[in-house]
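Below is one structure, written out as structure tokens, with a few remarks after it.
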């Protein structure tokens, strides 16, 4: 397989994002609106995440890209209960900021910007009984699923609209094992335990009783 750097050097087309506004900022990646597709966003590695030599952590970049892609493909091609809740992965693009992962955009319910994070919904007291029920359905699907989830946090799930599924909760980040040795991939017990801990922590953050999901 040819290296990305070689492909990038001779490519006749590259998406330019450097001068575009960042529409969301995660701990590892920046999110940009796709300049040629209103229904898509592009995630690229944050340029300020550098090591002491001033070089991007290329190995971790490749590792995260591959593991997230692999998990998305595995779940998509099967009958996994978590599949309907995953935001659609559309592929990769070469950009002037490096390799970008392209996902279907989750728009806010009012269409003004990106979907709402659970953190935003909690701070603004938006989560009513109906939305809590729908969120718990998502979390139950994740617990039943074989999907590897690195984190289920208040910023990894959005509530909003997509063209594929309409209005609802979508998992937009935290997929794939982020540890150096991907133990969750090989151990169903550890994978299940990590998800239980993550879901419990999320419910505590949101002020939702664990009895609503773990009572069975």
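Residue numbers (the working numbering): 5 to 220.
All C-beta atoms, glycine included, are put in the ideal place defined by N, C-alpha and C.
What you are looking at is a predicted structure, and each value in this text was computed from that prediction instead of being measured.
Exercise. From residue 114 to residue 102, what distance separates their C-alpha atoms?
Worked result: Rounded to whole angstroms, the separation of the alpha carbons of residue 102 and residue 114 is 32 Å.
Exercise. Looking at the structure shown, is residue 210 part of a helix, part of a strand, or coil, going by DSSP?
Worked result: In this structure, residue 210 counts as helix in the three-state DSSP scheme.
For this session: From the DSSP output, read off the bridge partner residues of residue 35.
Result: Paired residues: 28, 47.
For this session: Under the assumption that residue 138 contacts residue 85 (Cβ atoms under 8 Å), give the Cβ distance between them as a whole number of angstroms.
Result: Residue 85 and residue 138 do not touch by the CB rule: their CB atoms are close to 15 Å apart, not below 8 Å.
For this session: Go through its chain and collect everything with a Cβ distance to residue 94's Cβ below 8 Å, but skip five positions before and after it.
Result: 44, 106, 107, 108, listed in sequence order.
For this session: Report yes if the C-beta of residue 29 is less than 6 Å from at least one heavy atom of the ligand MN; otherwise report no.
Result: For the structure depicted, the ligand MN is absent and the ligand set is empty, with no information on it obtainable.
Exercise. For the putative contact between residue 217 and residue 140, defined by C-beta atoms under 8 Å, what is the C-beta separation to the nearest angstrom?
Worked result: About 5 Å separates the beta carbon of residue 217 from that of residue 140, a gap short enough to meet the 8 Å contact definition.
For this session: Provide the residue span of the alpha helix (DSSP H) that contains residue 106, from first to last.
Result: DSSP places residue 106 outside any alpha helix (DSSP H); the residue lies instead in the beta strand (DSSP E), whose first and last residues are 102-108.
Exercise. Which residue comes first and which comes last in the alpha helix (DSSP H) that contains residue 147?
Worked result: According to the DSSP assignment, residue 147 belongs to the alpha helix (DSSP H) that extends over 133-148.
For this session: Measure the alpha-carbon distance for residue 127 versus residue 171 and round it to whole angstroms.
Result: Distance between the alpha carbons of residue 127 and residue 171 is about 20 Å.
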